[in-house]
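Position in the sequence shown (first residue = 1) + 5 = the numbering used here. Remarks on the structure that follows.
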Amino acid sequence: MTALAHRPPALDKLLESDTLRALTQQHGRAAVRAAARSALEAWRAEAATTPFDTAAFEAACRSALERQAAAALRPVFNLTGTVLHTNLGRAVMAPEAIDAVVAVMRGASNLEFDLARGARGDRDDHIAGLLTELTGAEAATAVNNNAAAVLLVLAALADRKEVPVSRGELIEIGGAFRIPDIMRRAGAKLVEVGTTNRTHLRDFEDAFGPRTALVMKVHASNYAIQGFTAAVPVAELAALCRARGLPFVEDLGSGTLVDLTRWGLPAEPTPAQSIAAGANVVTFSGDKLLGGPQAGLIVGDQALIQKIKRHPLKRSLRLDKMTLAALEATLKLYRDPDRLAERLPALRLLTRGQAELRQVAERIAPAVALALGDRVSVQVLPCSSQIGSGSLPVDRLPSACVAVGAPAGAKRAGRLPDRLAEALRALPVPVIGRIEDGQVRLDMRCLDGAAAEATFVAQLGALAQARL
Ligand SMILES: *Cc1c(COP(=O)(O)O)cnc(C)c1O
6 MTALAHRPPA LDKLLESDTL RALTQQHGRA AVRAAARSAL EAWRAEAATT PFDTAAFEAA
66 CRSALERQAA AALRPVFNLT GTVLHTNLGR AVMAPEAIDA VVAVMRGASN LEFDLARGAR
126 GDRDDHIAGL LTELTGAEAA TAVNNNAAAV LLVLAALADR KEVPVSRGEL IEIGGAFRIP
186 DIMRRAGAKL VEVGTTNRTH LRDFEDAFGP RTALVMKVHA SNYAIQGFTA AVPVAELAAL
246 CRARGLPFVE DLGSGTLVDL TRWGLPAEPT PAQSIAAGAN VVTFSGDKLL GGPQAGLIVG
306 DQALIQKIKR HPLKRSLRLD KMTLAALEAT LKLYRDPDRL AERLPALRLL TRGQAELRQV
366 AERIAPAVAL ALGDRVSVQV LPCSSQIGSG SLPVDRLPSA CVAVGAPAGA KRAGRLPDRL
426 AEALRALPVP VIGRIEDGQV RLDMRCLDGA AAEATFVAQL GALAQARL
């Protein structure tokens, strides 16, 4: 057989080879034909210089088809040290949540069907009971994310009316969520109250007028004001609102459902505390500290929640069955707080101690050193992780990392950290670390369990060929 020829066979002839037939079985006729056509065109573009090579043509088809077949959205190793990393998908789901999602995906479910009455039901019913039980609120509903929750609450309760907010709380969360913009989009009029660092109860009283719809308090989430500061305690503001007959709405941002100090983590306000302090509506995320799927949870007074649920935007922002299934299963784990740190991955990752993480780093470091050889130096170093997603922005969790830098004796790291980071991202399960002090640092906090460690180590061989 002549593998090399100056003229290629016709496309239909090429498609009949054993290799392309096998690829057709796997990827389908249309995709293989398109890949073959592109490979032929690429050859023609330089036909004057290279003879047609069937093996190279088939390899080009195979790699193009494999590239297309690889999922665009796929798992990565989050070794950034930020546990709830918005760009990397935030909370890792509990096995219970994963099983619940798979179950409702496989077939029909009672999503909006009341099995007891045999009549149409409400999709919120699957989670409302758990949310009221866990927060002490009268009623609850849920939407696509917390940004949507804030939008819906304002649209439903403050349309064309005024909403006083402290100037210290006019925040921007990453991804263009800004309180003043959301207000405008919801049709509410923001009334700025107090100053950036200090807001007093009398500032709110001065802001109240006939067009005031409600008072809103926003958790500062991703920044902290320090020094000469004053904010009105929730209970005082709630009492003032109650006296004036105005709803008091609090956007808690992360809103964990349990007291995190129990696990040595920094304190974060809970929806239950806000409700107990007199808040009428509280919104918070499902996939931040709560450790569930992306969702925006709204709890509060029965009459206000009913009004929120009846707003037309609720239909546009509602949750799908997969999210509801994951949310219900996640919320159920909170019924047993004693076992929560074992069962809820987000909390398990946040509570891993530095000694344990150092052991992981000591196990992993030799494999990294072996894969990269004497082109680098590999150390185990202490480092600090962050919670992420605007939760507890100034708090750090002591952790341990595998730090990879220029070999001992090299004067400068040069481009090595960037090239190494790129090579790590190109692995079959991409590894995302962070670059600090001329080193790529791989924080071990989210490398969770023996199976994950084994997968991580098994793919490191590919680094041997990386250009550093
Ligand atoms: C994170 C956050 C939001 C947005 O929540 P998403 O669930 O990401 O939409 C809104 N408000 C505050 C205070 C936040 O911290």
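Each residue gets a CB set at the ideal place from its N, CA and C atoms; glycine is no exception.
| said: Under DSSP, the beta strand (DSSP E) around LEU195 begins and ends at which residues? | reply: Boundaries of the beta strand (DSSP E) around LEU195: 194-198.
| task | Whole angstroms is fine: what's the gap from LEU421's alpha carbon to GLY466's? | result | 18 Å
| field | Host alpha helix (DSSP H) of PHE62 (start-end) | value | 59-74
| field | 3 or more residues per run - each beta strand (DSSP E) lying fully within the segment 329-399 | value | For secondary structure counted as the beta strand (DSSP E) over 3 or more consecutive residues, the segment 329-399 holds these complete runs in sequence order: 382-390.
| request: Note down, one range per segment and in chain order, each alpha helix (DSSP H) of at least 4 residues found wholly within the segment 215-283. | output: Runs of the alpha helix (DSSP H) inside the segment 215-283: 239-249 and 276-281.
| task | Go to GLY305, then tell me how far its beta strand (DSSP E) extends in each direction, as first and last residue. | result | 301-305
| Those residues which DSSP pairs with ALA463 across a bridge | Answer is none; ALA463 lacks a bridge partner.
| query | alpha helix (DSSP H) containing GLY443: first to last residue? | reply | First-last for GLY443: undefined, no H or E at that position.
| request: Rounded to whole angstroms, what's the CA-CA distance from ASN202 to SER171? Just pull it up for me. | output: 9 Å
| query | To the nearest angstrom, how far is it from the Cα of VAL37 to the Cα of THR29? | reply | 6 Å
| field | Beta-carbon contacts of ALA152 that lie in its chain and below 6 Å, excluding the five residues immediately before and after | value | PHE182
| said: Assuming contact is defined by CB atoms lying nearer than 8 Å, are LEU116 and LYS326 in contact in what I supplied? | reply: LYS326 is positioned such that its CB atom lies closer than 8 Å to that of LEU116.
| Tell me the DSSP bridge mates of PRO403? | SER389
| query | Hey, quick one: how far does the alpha helix (DSSP H) through PHE209 stretch, first residue to last? | reply | 206-212
| Endpoints, the beta strand (DSSP E) within which THR288 is located | 286-290
| task | Report all residues from its chain with a CB closer than 6 Å to the CB of SER22; omit the five preceding and five following residues, and keep chain order. | result | none
| field | DSSP beta-bridge partners of ASP119 | value | ALA124
| Which residue or residues does DSSP assign as beta-bridge partners of ILE178? | PHE182
| said: So the candidates are PHE118, VAL436, GLY443 and SER382; which of them puts its Cα closest to the Cα of GLY525? | reply: Within the shown structure, residues of the chain are numbered from 6 to 473, placing residue 525 beyond reach of any answer.
| THR204, buried or exposed, once every other Cβ within 10 Å from all chains shown has been counted against 16 | buried
| field | ASP256 Cβ short of 7 Å to ligand 1 heavy atom set | value | yes
| request: Answer with buried or exposed for ALA300, where buried requires no fewer than 16 other C-beta atoms within 10 angstroms of its C-beta. | output: buried
| message | Once the 5 residues before and after SER389 are set aside, which same chain residues still bring their CB inside 8 Å of it? | response | GLY86, ARG401, LEU402, PRO403 and SER404
| request: Please work out which residues of its chain come closer than 6 Å, Cβ to Cβ, to GLU63, disregarding the five sequence neighbours upstream and downstream, and give them in chain order. | output: Closer than 6 Å at the Cβ level, and outside the excluded window around GLU63, lie THR24.
| Under the three-state DSSP convention, the category THR146 falls into | strand
| said: Relative to the C-alpha of ARG72, which candidate in THR55, HIS32 and ILE103 has its C-alpha closest? | reply: HIS32
| request: Please name the residue in TRP48, THR288 and LEU20 whose C-alpha comes closest to that of ALA35. | output: LEU20
| Can we count ASN151 as close to ligand 1, meaning its CB is less than 7 Å from some heavy atom? | yes
| task | Give me the Cβ distance between LEU377 and LEU452, rounded to the nearest whole Å; I'm assuming they're in contact under 8 Å. | result | Not quite, the Cβ-Cβ distance comes to about 18 Å (not below 8 Å), so this is no contact.
| query | CB of GLY173 to nearest heavy atom of ligand 1: below 7 Å? | reply | no
| For LEU336 versus LEU136, is the C-beta spacing smaller than 8 Å? | Here LEU336 is near LEU136, since their CB atoms are less than 8 Å apart.
| ARG430 versus GLY141, PRO215 and PRO80, residue with shortest Cα-Cα distance | PRO80
| query | Taking DSSP as the reference, what is the three-state secondary structure of THR87? | reply | Note: THR87 maps to strand in three-state DSSP.
| said: Quick check on DSSP: helix, strand or coil for MET6? | reply: Note that MET6 scores 42 on pLDDT, short of 50, meaning its location in the model is unreliable and no value can be drawn from it.
| message | Classify LYS18: buried if its beta carbon has 16 or more other beta carbons within 10 angstroms, exposed otherwise. | response | exposed
| Nearest candidate by alpha-carbon position, reference GLN386, set ARG267, ARG353, ALA426 and MET449 | Sequence inspection shows Leu at residue 386; the Gln mentioned does not correspond to that position. Closest by alpha carbon: MET449.
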